[in-house]
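In case it helps, my numbering puts the sequence shown at residues 29 to 171.
Every residue gets a Cβ at the ideal spot worked out from N, C-alpha and C, and that includes glycine.
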Amino acid sequence: MLFYDYKVSLTIQYTLSWETPELVNAIAQLNELAKDYKQLQLISQFWSTTEIIRYMNETDLVVCSYDTQVYQHKSSGLAWLASHFDVPVILRGECWLSRELLRLGVPFVINPSLTTHGALQAAQGDIYYRESLYADLLTWLTE
(Lines of atoms letter the chains of each structure in order from A and count residues from 1; the text may use other names and numbers.)
(Lines give C-alpha, C1' and ligand atoms only; values in the text may rest on other atoms or scores of the structure.)
Protein backbone atom coordinates (compact mmCIF):
# COMPACT_ATOMS: atom_id res chain seq x y z
CA MET A 1 0.00 0.00 0.00
CA LEU A 2 1.76 3.15 -1.17
CA PHE A 3 -0.98 5.74 -0.69
CA TYR A 4 -0.29 7.11 -4.14
CA ASP A 5 3.33 7.99 -3.48
CA TYR A 6 2.37 9.37 -0.04
CA LYS A 7 0.28 12.17 -1.59
CA VAL A 8 -3.06 10.84 -0.36
CA SER A 9 -4.29 10.59 3.19
CA LEU A 10 -6.96 8.13 4.24
CA THR A 11 -9.25 8.61 7.23
CA ILE A 12 -11.30 5.64 8.35
CA GLN A 13 -14.07 6.47 10.79
CA TYR A 14 -16.00 3.56 12.25
CA THR A 15 -17.92 2.49 15.30
CA LEU A 16 -18.17 -1.06 16.53
CA SER A 17 -21.61 -1.81 17.96
CA TRP A 18 -20.85 -5.48 18.46
CA GLU A 19 -17.71 -7.51 18.11
CA THR A 20 -17.51 -10.32 15.58
CA PRO A 21 -14.32 -12.22 14.75
CA GLU A 22 -14.31 -10.71 11.24
CA LEU A 23 -14.56 -7.14 12.50
CA VAL A 24 -12.02 -7.64 15.27
CA ASN A 25 -9.61 -9.11 12.71
CA ALA A 26 -10.20 -6.25 10.25
CA ILE A 27 -9.60 -3.64 12.97
CA ALA A 28 -6.40 -5.40 14.04
CA GLN A 29 -5.19 -5.30 10.43
CA LEU A 30 -6.07 -1.60 10.15
CA ASN A 31 -4.18 -0.85 13.37
CA GLU A 32 -1.11 -2.61 11.98
CA LEU A 33 -1.31 -0.59 8.77
CA ALA A 34 -1.72 2.65 10.73
CA LYS A 35 1.58 1.93 12.51
CA ASP A 36 3.39 1.86 9.16
CA TYR A 37 1.59 4.65 7.31
CA LYS A 38 1.24 8.10 8.83
CA GLN A 39 -1.24 8.94 6.04
CA LEU A 40 -3.74 6.49 7.56
CA GLN A 41 -5.87 7.88 10.38
CA LEU A 42 -8.26 5.60 12.26
CA ILE A 43 -11.14 7.07 14.24
CA SER A 44 -13.17 4.54 16.22
CA GLN A 45 -15.87 6.80 17.62
CA PHE A 46 -18.76 8.94 16.49
CA TRP A 47 -17.88 12.43 15.27
CA SER A 48 -19.28 15.56 16.84
CA THR A 49 -21.02 18.05 14.53
CA THR A 50 -17.86 20.17 14.47
CA GLU A 51 -15.74 17.16 13.52
CA ILE A 52 -18.16 16.10 10.78
CA ILE A 53 -18.00 19.57 9.24
CA ARG A 54 -14.21 19.71 9.45
CA TYR A 55 -13.65 16.24 7.97
CA MET A 56 -16.28 16.59 5.25
CA ASN A 57 -14.81 19.93 4.16
CA GLU A 58 -11.46 18.15 3.74
CA THR A 59 -12.89 15.08 1.96
CA ASP A 60 -12.48 14.45 -1.77
CA LEU A 61 -14.17 11.04 -1.94
CA VAL A 62 -16.24 8.84 0.37
CA VAL A 63 -15.85 5.08 0.13
CA CYS A 64 -18.86 3.43 1.72
CA SER A 65 -18.33 -0.19 2.73
CA TYR A 66 -21.87 -0.82 3.97
CA ASP A 67 -23.17 -4.32 3.28
CA THR A 68 -25.68 -3.71 0.49
CA GLN A 69 -27.97 -6.53 1.67
CA VAL A 70 -28.15 -5.09 5.18
CA TYR A 71 -28.62 -1.54 3.85
CA GLN A 72 -31.06 -2.48 1.09
CA HIS A 73 -33.86 -0.58 2.82
CA LYS A 74 -32.09 1.18 5.70
CA SER A 75 -31.21 4.84 5.77
CA SER A 76 -27.98 6.63 6.54
CA GLY A 77 -27.01 10.27 6.80
CA LEU A 78 -24.09 9.62 4.47
CA ALA A 79 -26.04 10.50 1.32
CA TRP A 80 -27.16 13.84 2.74
CA LEU A 81 -23.65 14.66 3.97
CA ALA A 82 -22.17 13.82 0.56
CA SER A 83 -24.81 15.98 -1.07
CA HIS A 84 -24.31 18.94 1.26
CA PHE A 85 -20.52 18.88 0.95
CA ASP A 86 -20.46 17.95 -2.78
CA VAL A 87 -18.42 14.78 -2.22
CA PRO A 88 -18.65 11.84 -4.66
CA VAL A 89 -19.20 8.34 -3.26
CA ILE A 90 -18.14 4.76 -4.03
CA LEU A 91 -20.66 2.08 -3.01
CA ARG A 92 -20.40 -1.72 -2.97
CA GLY A 93 -23.75 -2.16 -4.74
CA GLU A 94 -27.31 -1.00 -5.25
CA CYS A 95 -29.04 -0.11 -1.99
CA TRP A 96 -30.97 2.67 -0.31
CA LEU A 97 -27.90 4.91 -0.53
CA SER A 98 -27.61 4.54 -4.31
CA ARG A 99 -31.27 5.46 -4.72
CA GLU A 100 -30.87 8.47 -2.42
CA LEU A 101 -27.64 9.61 -4.12
CA LEU A 102 -29.43 9.48 -7.48
CA ARG A 103 -32.33 11.47 -6.06
CA LEU A 104 -29.92 14.09 -4.65
CA GLY A 105 -27.79 14.27 -7.78
CA VAL A 106 -24.58 13.18 -6.03
CA PRO A 107 -21.94 11.62 -8.31
CA PHE A 108 -21.28 8.00 -7.34
CA VAL A 109 -19.95 4.73 -8.68
CA ILE A 110 -21.04 1.23 -7.76
CA ASN A 111 -18.11 -1.12 -7.56
CA PRO A 112 -18.17 -4.27 -5.39
CA SER A 113 -14.35 -4.16 -5.09
CA LEU A 114 -14.51 -0.55 -3.80
CA THR A 115 -12.01 0.75 -6.31
CA THR A 116 -12.32 3.93 -8.36
CA HIS A 117 -12.38 2.02 -11.65
CA GLY A 118 -15.43 3.08 -13.61
CA ALA A 119 -17.02 6.41 -14.26
CA LEU A 120 -18.90 8.29 -11.58
CA GLN A 121 -22.59 8.50 -12.36
CA ALA A 122 -23.69 12.10 -12.49
CA ALA A 123 -27.38 12.35 -11.80
CA GLN A 124 -29.66 15.31 -12.34
CA GLY A 125 -31.39 14.74 -9.06
CA ASP A 126 -34.45 16.48 -7.72
CA ILE A 127 -33.35 20.06 -7.01
CA TYR A 128 -36.45 20.84 -4.94
CA TYR A 129 -35.87 17.75 -2.78
CA ARG A 130 -32.19 18.56 -2.27
CA GLU A 131 -32.84 22.21 -1.39
CA SER A 132 -35.67 21.29 0.97
CA LEU A 133 -33.35 19.04 2.99
CA TYR A 134 -31.20 22.03 3.90
CA ALA A 135 -34.00 24.54 4.39
CA ASP A 136 -34.77 26.10 7.75
CA LEU A 137 -37.05 23.79 9.75
CA LEU A 138 -39.61 26.56 10.14
CA THR A 139 -39.97 26.60 6.34
CA TRP A 140 -41.01 22.95 6.46
CA LEU A 141 -43.54 23.63 9.18
CA THR A 142 -45.20 26.55 7.40
CA GLU A 143 -45.58 24.87 4.00
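- L38 carries a strand assignment under DSSP once its states are collapsed to helix, strand and coil.
- Assigned with DSSP and collapsed to three states, V52 falls in helix.
- DSSP places L70 in the uninterrupted beta strand (DSSP E) bounded by 68–71.
- The beta-carbon distance between C92 and I55, rounded to whole angstroms, is 18 Å. This is too long to meet the 8 Å contact definition.
- By the criterion of a C-beta distance shorter than 6 Å, A110 is surrounded in its chain by V90, V117, V134, once the five residues flanking it on both sides are discounted.
- The beta carbon of T43 is closer than 8 Å to those of S72, Q73, F74 in its chain, skipping five residues each way along the sequence.
- Out of P140, W108, V98, T48, the CA that lies nearest to the CA of L130 is found in W108.
- With respect to the C-alpha of Q100, the residue from E79, F136, S141, E128 having the closest C-alpha is E128.
- For L119, the enclosing beta strand (DSSP E) has its first and last residue at 117–119.
- The beta-carbon distance between N59 and L70, rounded to whole angstroms, is 7 Å. This is short enough to meet the 8 Å contact definition.
- In the DSSP assignment, W108 falls within the alpha helix (DSSP H) that extends over 106–112.
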